[in-house]
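Numbering (my numbering), first residue to last: 549 to 929. Every residue, glycine too, gets a C-beta built ideally from N, C-alpha and C. Note that this is a predicted model, so its numbers are computed, not measured. Data block below; observations after.
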Ligand SMILES: C[S@@+](CC[C@H](N)C(=O)[O-])C[C@H]1O[C@@H](n2cnc3c(N)ncnc32)[C@H](O)[C@@H]1O
Ligand code: SF4
């Protein structure tokens, strides 16, 4: 049996509206009959159980899209099926991503009864002008009320916020973060707004009608975020993730960052599984209809299925693992070691640290995580 932990990711692709910055695999909800998709997800899970063998799940994550639009009974069916197929560990984490509209908040109690114990609430901003600028359809008041309600229902609450927005000042961001902290979350994910190719924001940026703060200003937003959350007792355990104590880290995302195993079901879901000494990377059909057809015709929803080359396994280990403030155990790293002289140089520049067993990035290093790791893996100075 594999020593790696196993998780299940369930992708729910529908959203009430498509946000102008989002490049996830999402489709507008138009009152479609979603029963075929739920049945397909259950069928796909049966396929994956045969691939993984019986290994208990340590986490189940409903992501999207907007899984808070799911019928709570469908969430319950998927959780029951997962338990029957794999079984679960004693400290199973069940998370679900939610949008903070009144309609969705009305389902919180039923989602909790269905088995969700950790809600990840996409507040994004806490003032109406910024929410409008982000193309969101909820008000700041709705966001605050949904978070307060969620706090009374779910044992664990995480909130997502987006900073480095057009016209945002550091002062306003500090006040927003402080207001968010009055909601008593135990986990905060403050993301820097990124312009993703193919989105409405990318088109606005190329027309010049959207202008975001520059890199130096982005660094100021990052540093302010670290300071405010650290003062409030949150540990920055990953580049954009802060938790009140180790127990409140996202156990599911830890699977990704620590190169563990997870099965991905639902349209466009990715998965990773140890495969003997190799590692299998899978991706499901993107469109809900193609995904359902795949399962009806072949018994699974796989679009791409690849055995990763040793270099790719090594690169993923470091790319994901160095995002963690704890760093990674060097001895567990697969493949060729990272170039020693280049590690030394970055330790000297205050960008990396190393202990007898671990290698990691400092707070300054995590500010430019992708650049540092990209160069290290390419052997560049
Ligand atoms: C799957 S998405 C959204 C979950 C939920 N549907 C919502 O919108 O609240 C997860 C998170 O990614 C973040 N996100 C998505 N696109 C982003 C972008 N272009 N820049 C920064 N953060 C982004 C948002 O904070 C969002 O809550
Ligand atoms: S940000 Fe959330 S609600 Fe908006 S399109 Fe993306 S997944 Fe859907």
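Asked: Closest Cα partner of residue 570 within the set 618, 656 and 710; Found: 710
Asked: Burial state of residue 561, where buried means 16 or more other Cβ atoms lie within 10 Å; Found: buried
Asked: Pair within 8 Å by beta-carbon distance, residue 644 and residue 610; Found: yes
Asked: Residue 926 versus residue 862 - alpha carbon distance; Found: 12 Å
Asked: Reference residue 761, options 715, 799 and 719, closest by Cα; Found: 715
Asked: The beta strand (DSSP E) enclosing residue 645, as first and last residue numbers; Found: 636-646
Asked: Span of the alpha helix (DSSP H) around residue 917; Found: 917-926
Asked: Start-to-end residues for the alpha helix (DSSP H) that takes in residue 569; Found: Premise fails: residue 569 is in no alpha helix (DSSP H) and is neither H nor E.
Asked: beta-carbon residue 612 near ligand 2 non-hydrogen atom, thresh 7 Å; Found: yes
Asked: Terminal residues of the beta strand (DSSP E) in which residue 784 lies; Found: 783-786
Asked: Stretch pair the region 766-786 + the region 851-859: three plus CB contacts closer than 8 Å; Found: no
Asked: Opening and closing residue of the alpha helix (DSSP H) in which residue 894 lies; Found: 888-896
Asked: Local Cβ density within 10 Å of residue 808, reported as buried at 16 or more and exposed below that; Found: buried
Asked: Alpha-carbon to alpha-carbon, residue 621 and residue 663; Found: 10 Å
Asked: Alpha carbon of residue 885 to alpha carbon of residue 906, nearest angstrom; Found: 13 Å
Asked: Selection from 883, 876 and 843 that minimises the alpha carbon distance to residue 596; Found: 843
Asked: Exposure of residue 719, with buried meaning 16 or more beta-carbon neighbours within 10 Å; Found: exposed
Asked: Residue range of the alpha helix (DSSP H) that includes residue 738; Found: Note, residue 738: premise wrong, no alpha helix (DSSP H); beta strand (DSSP E) at 735-740.
Asked: heavy atom of ligand 2 below 7 Å from residue 814 C-beta; Found: no
Asked: Where residue 627 sits in the DSSP three-state scheme; Found: helix
Asked: DSSP state of residue 809 mapped onto helix, strand, coil; Found: strand
Asked: Exposed unless 16 or more other CB atoms sit within 10 angstroms - verdict on residue 592; Found: buried
Asked: Selection from 694, 824 and 658 that minimises the alpha carbon distance to residue 671; Found: 694
Asked: Residue 555 and residue 606 closer than 8 Å at C-beta; Found: yes
Asked: Length-filtered (3 minimum) beta strand (DSSP E) runs lying within the region 689-766; Found: 704-711 and 735-740
Asked: Whole alpha helix (DSSP H) elements within the region 788-871, 4-residue minimum; Found: 799-805, 836-846 and 858-869
Asked: Within-8 Å CB hit, residue 552 to chain C; Found: Going by chain labels, chain C is absent from the structure shown, which holds only one protein chain.
Asked: Pairwise C-alpha distance: residue 915 and residue 497; Found: Residue 497 lies beyond the residue range present for the chain, which begins at 549 and ends at 929; the question has no answer from this structure.
Asked: Run of the beta strand (DSSP E) containing residue 558, from where it starts to where it stops; Found: 554-560
Asked: Euclidean distance between Cα positions of residue 590 and residue 629; Found: 7 Å
Asked: Reference residue 889; option with closest CA among 923, 872 and 615; Found: 923
Asked: Distance CB(residue 674)-CB(residue 727) smaller than 8 Å; Found: yes
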